[in-house]
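Numbering (UniProt numbering), first residue to last: 1 to 679.
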Amino acid sequence: EEDFEIIDKKQLPDAAELNNEEKAKPEEARWSAPILSLARKASENLALGYGSALKSASLVGLVSKPGSSDSPAKTSTRVHTMEERANLMNMMKLSIKILIQSALSLGRTLDSDFPPLQQFFVVLEHCLKHGLKVKKSFIGQNKSFFGPLELVEKLCPEASDIATSVKNLPELKTAVGRGRAWFYLALMQKKLADYLKVLLDHKHLLSEFYEPDALMMEEEGAVIVGLLVGLNVIDANLCLKGEDLDSQVGVIDFSLYLKETQDSDGKQDGGITAVLDQKHYVEELNRHLSCTVADLQNKIDCLEKTNSKLQEELAAATDRIGSLQEEQQQLKQQNELIRERSEKSVEVTKEDTKVELDTYKQSRQGLDEMYSDVWKQLKEEKKIRLELEKELELQIGMKTEMEIAMKLLEKDTHEKQDTLVALRQQLEEVKAINLQMFHKSQNAECSLQEKTEAISSFEGKTNEMMSSMKQMEKRLQQAEKARQAAEERCNKMKQELAGKLNSCRQQMAQLDSKCSTLEKELKSEKEQRQTLQKELHQEKDATTLLKTELQQMEGLKKELRKLQDEKQQLKKVREEQEQALQEMGLHLSQSKLKMEDIKEVNKALKGHTWLKDDEATHCKQCKKEFSISRRKHHCRNCGDIFCNTCSSNELALPSYPKPVRVCDNCHTLLLQQCSSNSS
């Protein structure tokens, strides 16, 4: 039922032969690390039961206890189950021993294709299948060892990651495949023994899945769990993708546990070569250790020198700090005095400015009132001026009308000059009238300078008339003949001209009266302008006074600005002093950090302890919990356990010829140490 092959007793080696073969191996003599030596001792202890395990596997019957009242059938079944438990326990011992030996001799992480590892999982599967109860369902009978493993998730919360990852794998369709994947993940997590121990501590829960005489319910289960603790030495990297765990056949291959006999001469030669190799290896180790000790002593001497220098620098820095603190206190006192003075001056200036502002506001109110009154007067004067301008425009219009009338009169005279040419008498009268008009026009020019242009035009016209009169005298001789005929006509024309002259005289009198009235109005306007100019001079004087006051205010503002600038300069000086003090504090903190780094380096050089895998459940640096995805890694310098991200650096250490894994803290410390040694 359990897929064992029964082998003849002759083919099985004795325990003494197996011990001799173990001693004859040359590879085992080269183990140097302390973990490997512990594993070797464990394998030697297990070697005592190497032959007895195979012999017990070939036995068929055992004697029942005397005094038992059971039937022969029950006793035979009980004996059979005891034989099976003993066989499985011995096979588990053998598989663990060979797996540890082969893994340590290989010296690297194990893959899923490693034969001893595959046989170990097969034997473990047979151990967990022993004594399983058959569960009946609608589909049929079910006998799977994954049921007890699911209890681990409830009993130990750390195993929840394994259970969820196994359940989420789409490639696994059977309970057997899930159980095998659970084995893989627990071994990579190095907690297979811990999880099975939790199951054995709660046997009342295991009774639902196992028979009372099953291996997991008896003492053999506790022995197997104790043997599984030795597997924590092994590092395994098992890939679950791409493997068909559901259809694998769990058959134990006994050929791995059988060894051929060799000649005694070959054994002796192998032992001698192993001893020589071990001797050479020990000598090389001693030489390497002596070199490392000398290097460490040199480094310790350098560190002592640097410590002394740093102490001297610290003493000088403390002296400087004391002097700077005294200077700081003095500067603070000076700053306080300057602040008090500046505050007093600022208060005085504020009070002065307040008083000046009050006076300025009062004067400004009076000036505003004066300005409003002056503005009203200006508006009224503007209105009066506009009215006067309108009247002047009307007078100018009247003047233009008079000029038009004069032009019309001149036209009439031009038309009637032809009739007056023949008559000298009439011309003499016209000359007298023109002379009178000329005298009147001259009098009008004295009264009205504005009519000079019209009078000059009249003078030109009179000159033209004189020239025309000379021409007319020449024609008089010709016109004397027609004089008699025209005398009657002249009498009529005289009457008409007399009426027109009277009308012209009346119009000239009216114009003279209007000119006198206009001259009076102009005099009154000139007097008003003089009064307005006096008022404007007074306003200009008031504005000059206000300007002087504004200039005084600007001078006060400049003084305030100067005081504010001095205050800002004092603030800048204070801030610069504070920055200098902060920089000195930073230098001191940096020197303290350097001393702490040197102390840590000294501690690191004094020695580290190699932390065990079981003792670390979280990363020492990032404090994250280890899981299937977050593996454990030892730092080869300090010996602590970190995750992959916190220990991704590699450096060449004195005890290792090649670069090895180092944590971030050790990496920075070693780099600082190398830089200090090079400097």
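Beta carbons: idealized from backbone N, C-alpha and C, even for Gly. In this text, all values refer to a predicted model and were calculated from it rather than measured experimentally.
Comparing alpha-carbon positions, which option in Ala186, Leu238, Glu158 lies nearest Ser112? Here residue 112 is taken as the residue at index 112 of the sequence shown, counted from 1. Ser112 has its Cα closest to that of Leu238, out of Ala186, Leu238, Glu158.
Any idea what DSSP makes of Phe145, helix, strand or coil? Locating residue 145 in the sequence shown gives position 145, where the first residue counts as 1. Phe145 carries a coil assignment under DSSP once its states are collapsed to helix, strand and coil.
Give the C-beta separation of Pro116 and Leu99 to the nearest angstrom, bearing in mind that I take them to be a contact with Cβ-Cβ under 8 Å. The residue given as residue 116 occupies position 116 in the sequence shown. The residue given as residue 99 occupies position 99 in the sequence shown. At roughly 4 Å, the Cβ-Cβ gap stays under 8 Å, so Pro116 and Leu99 are in contact.
What three-state label does DSSP hand Val249 in the structure shown? If you number the sequence shown from 1, residue 249 lands on position 249. Of the three classes helix, strand and coil, the one that applies to Val249 here is coil, per DSSP.
Do you know how far the Cα of His634 is from the Cα of Pro654? The residue you call residue 654 lines up with position 654 of the sequence shown. The residue you call residue 634 lines up with position 634 of the sequence shown. Pro654 and His634 have their C-alpha atoms some 17 Å from each other.
Return helix, strand or coil for Arg661, following the three-state DSSP convention. As a first step, residue 661 is located in the sequence shown; it is residue number 661 there, counting from the start. Residue state for Arg661 is assigned as strand, using DSSP reduced to three classes.
Simplified DSSP state of Glu650, which is helix, strand or coil: Reading the sequence shown from its first residue, position 650 is the one you call residue 650. In the structure shown, Glu650 sits in a strand (DSSP, three-state: E or B).
Cβ neighbours of Met437 in the same chain (closer than 6 Å, five flanking residues each side left out): Translated into the one-based positions of the sequence shown, residue 437 becomes position 437. Contacts found: none.
Contact belief for Leu155 with His80 at Cβ below 8 Å, rounded distance in angstroms: Here residue 155 refers to the residue found at position 155 when the sequence shown is read from its first residue. Here residue 80 refers to the residue found at position 80 when the sequence shown is read from its first residue. Leu155 to His80, Cβ: 31 Å. No contact.
When you compare only the Cα positions, how much space is there between Leu545 and Gly366? The residue you call residue 545 lines up with position 545 of the sequence shown. The residue you call residue 366 lines up with position 366 of the sequence shown. Whole-angstrom Cα-Cα distance: 13 Å.
Taking the CB atoms as reference points, tell me whether Ala222 and Leu187 lie closer together than 8 Å. Indexing the sequence shown from 1 puts residue 222 at position 222. Indexing the sequence shown from 1 puts residue 187 at position 187. In this structure, Ala222 keeps its C-beta atom at 8 Å or more from the C-beta atom of Leu187.
Whole angstroms is fine: what's the gap from Lys407's alpha carbon to Glu380's? For the purposes of this step, residue 407 is taken as the residue at position 407 of the sequence shown. For the purposes of this step, residue 380 is taken as the residue at position 380 of the sequence shown. Cα-Cα distance, rounded: 41 Å.
Coarse secondary structure for Glu480, derived from DSSP in three states: To locate residue 480, count along the sequence shown from 1; it is residue 480. The answer is coil: DSSP assigns Glu480 none of H, G, I, E or B.
Per DSSP, what kind of secondary structure is Ala236 in: helix, strand or coil? Translated into the one-based positions of the sequence shown, residue 236 becomes position 236. Note: Ala236 maps to strand in three-state DSSP.
Beta carbon of Gln395, beta carbon of Leu518: below 8 Å? Residue 395 sits at position 395 when you count from the first residue of the sequence shown. Residue 518 sits at position 518 when you count from the first residue of the sequence shown. Leu518 sits close to Gln395, with the two beta carbons spaced by under 8 Å.
With DSSP as the reference, identify every bridge partner of residue 683, one or two as the case may be. Not covered by the structure: residue 683. The range shown for the chain is 1 to 679.
I'd like the ranges of any beta strand (DSSP E) spanning at least 3 consecutive residues and lying wholly in the region 313–344. DSSP runs (the beta strand (DSSP E)) wholly in the region 313–344: none.
Out of Leu522, Gln248, Asn644, Cys302, which one is the CA nearest neighbour of Ile384? The residue you call residue 384 lines up with position 384 of the sequence shown. In terms of Cα proximity to Ile384, the closest of Leu522, Gln248, Asn644, Cys302 is Leu522.
Tell me the DSSP bridge mates of His618? Your numbering for residue 618 matches position 618 in the sequence shown. According to DSSP, His618 bridges with Glu625.
Applying the criterion that 16 or more other CB atoms from any shown protein chain within 10 Å of the CB defines a buried residue, is Ser647 buried or exposed? By 1-based counting over the sequence shown, the position of residue 647 is 647. If you draw a 10 Å sphere on the C-beta of Ser647, you find 16 or more other C-beta atoms in it, and that means buried.
Do Leu199 and Pro157 have their C-beta atoms within less than 8 Å of each other? Sequence index remark: in the sequence shown, residue 199 carries index 199 (1-based). Sequence index remark: in the sequence shown, residue 157 carries index 157 (1-based). Cβ distance not < 8 Å, so Leu199 and Pro157 don't count as in contact.
Taking only three categories from DSSP, how would you classify Tyr195? Within the sequence shown, residue 195 is the residue found at index 195, counting from 1. In the three-state DSSP reduction, Tyr195 falls in the helix class (H, G or I).
Taking Phe121 as the reference, give the member of Ala181, Ser165, Ile162 with the closest Cα. Within the sequence shown, residue 121 is the residue found at index 121, counting from 1. Nearest of Ala181, Ser165, Ile162 to Phe121, Cα basis: Ala181.
Considering only the alpha carbon of each residue, which of Gln484, Asp373, Asp664 lies closest to Gly639? Numbered from its first residue, the sequence shown carries residue 639 at position 639. Measuring from the Cα of Gly639, the nearest candidate turns out to be Asp664.
Pick from Leu106, Ser105, Gly107, Cys127 that is closest to Glu83, judged by C-alpha positions: To locate residue 83, count along the sequence shown from 1; it is residue 83. Comparing alpha carbon positions, the residue from Leu106, Ser105, Gly107, Cys127 closest to Glu83 is Cys127.
What's the call for His130, buried or exposed, on a 16-neighbour Cβ count within 10 Å? For the purposes of this step, residue 130 is identified with residue 130 of the sequence shown, where counting begins at 1. When all chains shown are included, His130 counts as buried.
Considering Cα atoms alone, identify which of Gly226, Glu208, Lys382 is closest to Ile96. Along the sequence shown, read from residue 1 onward, the residue named residue 96 stands at position 96. Considering only alpha carbons, the answer is Gly226.
Let me know the secondary structure DSSP gives Leu110 once reduced to three states. Numbered from 1 along the sequence shown, position 110 holds the residue referred to as residue 110. Leu110 falls in the strand class under three-state DSSP.
From Ser72 to Glu220, what distance separates their C-alpha atoms? Your numbering for residue 72 matches position 72 in the sequence shown. Your numbering for residue 220 matches position 220 in the sequence shown. Note that residue 72 is Pro in the sequence shown here, rather than Ser. If you take the alpha carbons of Pro72 and Glu220, they lie about 25 Å apart.
The alpha helix (DSSP H) spanning Cys127 covers which residue range? Counting from 1 along the sequence shown, the entry for residue 127 is found at position 127. Start and end: 115–129.
Is the region 320–332 touching the region 578–597 in the sense that three or more CB pairs, one from each, lie closer than 8 Å? Touching, yes.
So, under 8 Å CB-CB, Ala193 and Val152 are touching, yes? Tell me the CB distance rounded to an integer number of Å. Numbered from its first residue, the sequence shown carries residue 193 at position 193. Numbered from its first residue, the sequence shown carries residue 152 at position 152. Going by Cβ atoms, the distance from Ala193 to Val152 rounds to 12 Å, so no, they are not a contact pair.
Pairwise C-alpha distance: Glu391 and Lys492: On the sequence shown, residue 492 is found 492 positions in, with the first residue counted as 1. On the sequence shown, residue 391 is found 391 positions in, with the first residue counted as 1. Cα to Cα, Lys492 sits roughly 42 Å from Glu391.
C-beta contact flag for Met370 and Ala509 at 8 Å: By 1-based counting over the sequence shown, the position of residue 370 is 370. By 1-based counting over the sequence shown, the position of residue 509 is 509. Using a Cβ distance threshold of 8 Å, Met370 and Ala509 do not count as a contacting pair.
When DSSP labels each residue in this structure, what does Tyr210 get in the three-state scheme? Indexing the sequence shown from 1 puts residue 210 at position 210. In the structure shown, Tyr210 adopts extended strand secondary structure according to DSSP, grouped into three states.
Taking the continuous alpha helix (DSSP H) assigned at Asp161, which residues delimit it? Counted from its first residue, the sequence shown places residue 161 at position 161. Unbroken alpha helix (DSSP H) run through Asp161: 160–167.
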